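Q:
Residue numbers (this note's numbering): 449 to 653.
Below, the structure written as structure tokens:
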């Protein structure tokens with residue numbers, strides 16, 4: 449974690465975070481300790497989530513340097529605002545919501561909007577033979593090309609649901625829209641993606 453983050457004087461232990469179904473008790477404990485000024489807890493939390501935050505930011509700003517800056521900004525906000533986390537959602541949902549807000553703000557200053565075209569690449573299995581590996585790379589390339597043809601709002605939904613494994617309610621929280629809007633966008637995103645893949649001779653997964 450960045451050395452700029454240090455223990456804050458006069459901090460008191462945070463009150464117990466409200467529980468919700470499926471919560472990660474370690475996350476809850478870390479946030480409480482961070483709210484009390486525990487630097488080590490901040491480092492542990494950073495280790496657990498910095499890659500996910502970076503990837504999500506990169507999908508929006510499409511710039512590695514900007515994404516790295518956003519990671520620092522997000523976790524600095526967590527350090528400062530941990531006491532405001534009420535535990536009504538998973539910590540990762542809160543982090544991604546902060547990330548999205550900051551990333552979109554940065555995009556507005558650049559007057560551009562993009563998602564990382566390489567973030568959907570499949571991980572190659574070293575046990576596969578070259579032919580299978582090549583087929584997977586070709587399919588991955590086609591999938592990436594098709595995803596780029598989706599609207600930004602549809603690409604965002606696909607990323608949150610399939611990569612970050614967020615529920616409809618969690619996605620609604622992150623992007624600040626009604627859950628029915630999320631469901632509608634997801635329906636049309638999957639429909640459009642299926643059409644694009646079919647046009648390329650690839651069946652949708």
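Heads up, the beta-carbon is just placed ideally off N, CA and C, and yes, glycines get one too.
Keep in mind that this is a model prediction, so the values were computed, not measured.
1. Please list, in chain order, all residues of the same chain as residue 637 whose beta carbon is under 7 Å from its beta carbon, the five residues on each side excluded.
2. Going by DSSP in three states, residue 619 sits in which element: helix, strand or coil?
3. Pop quiz: residue 648 and residue 594 are said to be a contact at Cβ under 8 Å. What is the actual Cβ separation, rounded to whole angstroms?
4. Residue 614 and residue 622 look like a contact to me (Cβ under 8 Å); what is the Cβ gap, rounded to whole Å?
5. Report, in whole angstroms, the separation of the C-beta atoms of residue 551 and residue 505, which I expect to be a contact under 8 Å.
6. Taking the alpha carbon of residue 518 as the reference point, which residue from 499, 481, 487 has its own alpha carbon closest?
7. Per DSSP, what kind of secondary structure is residue 600 in: helix, strand or coil?
8. If you follow the alpha helix (DSSP H) that residue 607 is part of, which residue opens it and which one closes it?
9. Could you compute how far the alpha carbon of residue 611 sits from the alpha carbon of residue 590?
A: The structure says:
1. One-based indexing of the chain shown puts residue 637 at position 189. Excluding sequence neighbours, residue 637 sits near 598, 602, 605, 606.
2. Here residue 619 corresponds to residue number 171 of the chain shown, with the count starting at 1. Helix, per DSSP.
3. Counting from 1 along the chain shown, the entry for residue 648 is found at position 200. Counting from 1 along the chain shown, the entry for residue 594 is found at position 146. Their Cβ separation, rounded to whole angstroms, is 7 Å, which keeps residue 648 and residue 594 in contact under 8 Å.
4. The residue labelled residue 614 in the question sits at position 166 within the chain shown. The residue labelled residue 622 in the question sits at position 174 within the chain shown. Contact check for residue 614 and residue 622: beta-carbon distance about 7 Å, within the 8 Å limit, so the pair qualifies.
5. Within the chain shown, numbered from 1, the residue matching residue 551 stands at position 103. Within the chain shown, numbered from 1, the residue matching residue 505 stands at position 57. Contact holds; Cβ gap of about 5 Å.
6. Sequence index remark: in the chain shown, residue 518 carries index 70 (1-based). For residue 518, the nearest C-alpha among the options comes from 499.
7. Here residue 600 is taken as the residue at index 152 of the chain shown, counted from 1. Looking at residue 600 - three-state DSSP - the assignment turns out to be helix.
8. Residue numbering aside, residue 607 sits at position 159 when the chain shown is read from its first letter. No alpha helix (DSSP H) contains residue 607, which DSSP labels as neither H nor E.
9. Looking up residue 611 in the chain shown gives position 163. Looking up residue 590 in the chain shown gives position 142. Between residue 611 and residue 590, the C-alpha separation is close to 18 Å.
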